[in-house]
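Counting in my numbering, the sequence shown runs from 10 upward without gaps.
We put the beta carbon where it would ideally sit given N, CA and C, even for glycine.
A short worksheet on the structure shown next.
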Amino acid sequence: MADICLEARDLCKTYIVDGYSNNVLQNINLKIEEGEFVSIMGPSGSGKSTLLYTISGMDDMTAGQVMFDGEDISKLNDKQLTKLRLLKMGFIFQQMYMMKKLCIMDNIVLPGYQAGVMSRDEVNKKAEDLMRRLGIIETADREITEVSGGQLQRACLARALINSPKVLFADEPTGALNSKASMEVLSEMVKANESGTTVLMVTHSEKVAASSDRIIYLMDGDIQGELVLGKINRAERNETISASEKLSLRERKLRKWLEEMGW
Ligand SMILES: Nc1ncnc2c1ncn2[C@@H]1O[C@H](COP(=O)(O)OP(=O)(O)OP(=O)(O)O)[C@@H](O)[C@H]1O
Ligand SMILES: [Mg+2]
């Protein structure tokens, strides 16, 4: 069995609004193996984004523990957490947190410069390579308000991958995209996963989730079930059916399971 790189133990998150407490996450226990590609699905308001925020240390938890790469992140101070995020985590969140004063290229290279692991030339080269693969190289010098939602989303992915993170956290990374652009972003995420990055993604799309190894179904802040599809490329490489047939088989299996879950 592969090593566990991310684990939530009895993770709870309660929001208090106007004196009322809302237990958004209730004793979540979840283990993610190194190299896994896991999707979180579930109805709107079920706590998917909250889970991603708390498990990645972007937001505090109310109770419980999160282990990241062998470290209890609740024991880290802000400075240590910031360093861990910069070096080992990549984020694509619904609020994109791009710097408004910087152009697309500068937004992408910034975490690379901040990490100080590669030279600036290496960071620039890597950013250009990522932008080319994602089809947004022509937007490099534009302001973030001068590109489409889909281009911005792809720029977010490039920025998230600039430091080759150990874990990529993505909240509906294809949410704003048409189906062609969705598949392009997904295929870059699959490539990052194949080169060793663990992926934890929230998605509403069955088509997108069908490419992941495992799907977790969240409802009312509780894990209701999980479906293991396995690695798409490795396990199914030797079969005679075509890649698109394999995908649609997985999608059908996923759809059937989601129906059972009450999707
Ligand atoms: N900052 C906050 N303060 C108070 N309540 C919040 C906050 N963020 C989320 N919530 C509440 O927590 C619950 C879960 O929200 P969350 O954003 O995690 O859902 P979600 O599953 O990601 O939904 P969607 O699919 O619509 O993105 C909702 O009831 C929401 O109103
Ligand atoms: Mg959400």
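Reducing DSSP to helix, strand and coil, say where K22 ends up. By one-based count along the sequence shown, residue 22 stands at place 13. DSSP, read as helix, strand or coil, puts K22 in strand.
Tell me which same chain residues have a C-beta within less than 6 angstroms of the C-beta of M259, skipping the five on either side of it? Taking the sequence shown and counting its residues from 1, one reaches residue 259 at position 250. Looking at the sequence shown, residue 259 is not Met but Arg. The residues are A219 and L238.
Determine, using beta carbons only, whether P182 and G99 come nearer to each other than 7 angstroms. For the purposes of this step, residue 182 is taken as the residue at position 173 of the sequence shown. For the purposes of this step, residue 99 is taken as the residue at position 90 of the sequence shown. Cβ distance not < 7 angstroms, so P182 and G99 don't count as in contact.
CA-CA distance, A11 and R141? Position 2 of the sequence shown, counted from the first residue, corresponds to residue 11. Position 132 of the sequence shown, counted from the first residue, corresponds to residue 141. Cα-Cα distance, rounded: 33 angstroms.
So for L119, helix, strand or coil by DSSP? Numbered from its first residue, the sequence shown carries residue 119 at position 110. Assignment of L119 by DSSP, reduced to helix, strand and coil, places it in the helix class.
Would a C-beta distance cut-off of 7 angstroms place L34 and L60 closer than the cut-off? Numbered from its first residue, the sequence shown carries residue 34 at position 25. Numbered from its first residue, the sequence shown carries residue 60 at position 51. Taking a C-beta distance under 7 angstroms as the contact criterion, L34 and L60 qualify as a contact pair.
Take S53 as the anchor and find which of I117, S214 and V118 has the nearest alpha-carbon. The residue you call residue 53 lines up with position 44 of the sequence shown. Looking at the Cα atoms, S214 is the closest of the given residues.
When the Cα atoms are used, what is the spatial distance from E193 to L186? Translated into the one-based positions of the sequence shown, residue 193 becomes position 184. Translated into the one-based positions of the sequence shown, residue 186 becomes position 177. Near 10 angstroms, if we compare the C-alpha coordinates of L186 and E193.
For ligand 1, I want to know if K57 counts as a neighbour, meaning its beta carbon is within less than 6 angstroms of at least one of the ligand's heavy atoms. The residue given as residue 57 occupies position 48 in the sequence shown. Taking 6 angstroms as the cut-off, the C-beta of K57 counts as close to a heavy atom of ligand 1.
Identify whether L227 lies in helix, strand or coil by the three-state DSSP scheme. Locating residue 227 in the sequence shown gives position 218, where the first residue counts as 1. Correct three-state label for L227: strand.
Span of the beta strand (DSSP E) holding D222? For the purposes of this step, residue 222 is taken as the residue at position 213 of the sequence shown. Following the DSSP letters along the chain, one finds D222 in no beta strand (DSSP E), marked with neither H nor E.
Out of A252, T71, M198 and M67, which one is the CA nearest neighbour of A167? The residue labelled residue 167 in the question sits at position 158 within the sequence shown. Checking every option, the nearest Cα to that of A167 belongs to M198.
May I ask whether a heavy atom of ligand 1 can be found less than 6 angstroms away from the beta carbon of S251? Residue mapping note: residue 251 aligns to position 242 of the sequence shown, counting from 1. Answer for S251: no, Cβ out of range of ligand 1.
What residue from G159, K57 and R18 has the CA that sits closest to E80's CA? The count along the sequence shown starts at 1 and reaches residue 80 at position 71. If we check each option's Cα against that of E80, R18 comes out closest.
Return the residue from the list I171, S196 and S188 that minimises the CA-CA distance to A252. In the sequence shown, counting from the first residue as 1, residue 252 sits at position 243. Scanning I171, S196 and S188 for the CA closest to the CA of A252 turns up S196.
Mind reading off the beta-carbon distance from I13 to E42? Whole number of angstroms is fine, and I expect it under 8 angstroms. Looking up residue 13 in the sequence shown gives position 4. Looking up residue 42 in the sequence shown gives position 33. Contact flag correct, Cβ pair sits at about 6 angstroms.
I241 and A179: beta carbons closer than 7 angstroms? Residue mapping note: residue 241 aligns to position 232 of the sequence shown, counting from 1. Residue mapping note: residue 179 aligns to position 170 of the sequence shown, counting from 1. In this structure, I241 sits away from A179, with a CB-CB distance that is not shorter than 7 angstroms.
If we call anything under 7 angstroms between Cβ atoms a contact, is I224 one with I232? Position 215 of the sequence shown holds residue 224. Position 223 of the sequence shown holds residue 232. Judged by beta-carbon spacing, I232 lies beyond the 7 angstroms limit of I224, meaning their Cβ atoms are not closer than that value.
Can you tell me whether V194 is helix, strand or coil according to DSSP? Counting from 1 along the sequence shown, the entry for residue 194 is found at position 185. Shown here, V194 sits in a helix according to DSSP, grouped into three states.
Does any heavy atom of ligand 1 sit closer than 6 angstroms to the C-beta of G66? Working through the sequence shown from its first residue, we reach residue 66 at position 57. No; taking the cut-off as 6 angstroms, the Cβ of G66 has no heavy atom of ligand 1 nearer than that.
Mark E45 as exposed unless 16 or more other C-beta atoms lie within 10 angstroms of its C-beta, in which case mark it buried. Here residue 45 corresponds to residue number 36 of the sequence shown, with the count starting at 1. By the 10 Å Cβ count, E45 comes out buried.
Neighbourhood of T148 by C-beta, 6 angstroms cutoff - its chain only, sequence neighbours within 5 removed: Against the sequence shown, residue 148 aligns to sequence position 139. Once the five neighbours on either side are set aside, the close Cβ partners of T148 are I113, V156 and Q160.
Give the C-beta separation of L20 and G73 to the nearest angstrom, bearing in mind that I take them to be a contact with Cβ-Cβ under 8 angstroms. On the sequence shown, residue 20 is found 11 positions in, with the first residue counted as 1. On the sequence shown, residue 73 is found 64 positions in, with the first residue counted as 1. Yes, L20 and G73 are in contact; Cβ-Cβ is about 4 angstroms, under 8 angstroms.
Would the beta-carbon of G54 be found less than 6 angstroms away from any heavy atom of ligand 1? As a first step, residue 54 is located in the sequence shown; it is residue number 45 there, counting from the start. Within the cutoff, so yes.
Is there at least one non-hydrogen atom of ligand 1 closer than 6 angstroms to the beta-carbon of V26? Taking the sequence shown and counting its residues from 1, one reaches residue 26 at position 17. Distances between the C-beta of V26 and the heavy atoms of ligand 1 include at least one below 6 angstroms.
State the DSSP-derived secondary structure class of K255, mapped to helix, strand or coil. For the purposes of this step, residue 255 is identified with residue 246 of the sequence shown, where counting begins at 1. Looking at K255 - three-state DSSP - the assignment turns out to be helix.
Any heavy atom of ligand 1 closer than 6 angstroms to the beta-carbon of V194? As a first step, residue 194 is located in the sequence shown; it is residue number 185 there, counting from the start. Checking the Cβ of V194 against ligand 1 gives no.
Any heavy atom of ligand 1 closer than 6 angstroms to the CB of V217? In the sequence shown, residue 217 corresponds to position 208, counting from 1. Because no heavy atom of ligand 1 lies under 6 angstroms away, the Cβ of V217 does not count as near it: no.
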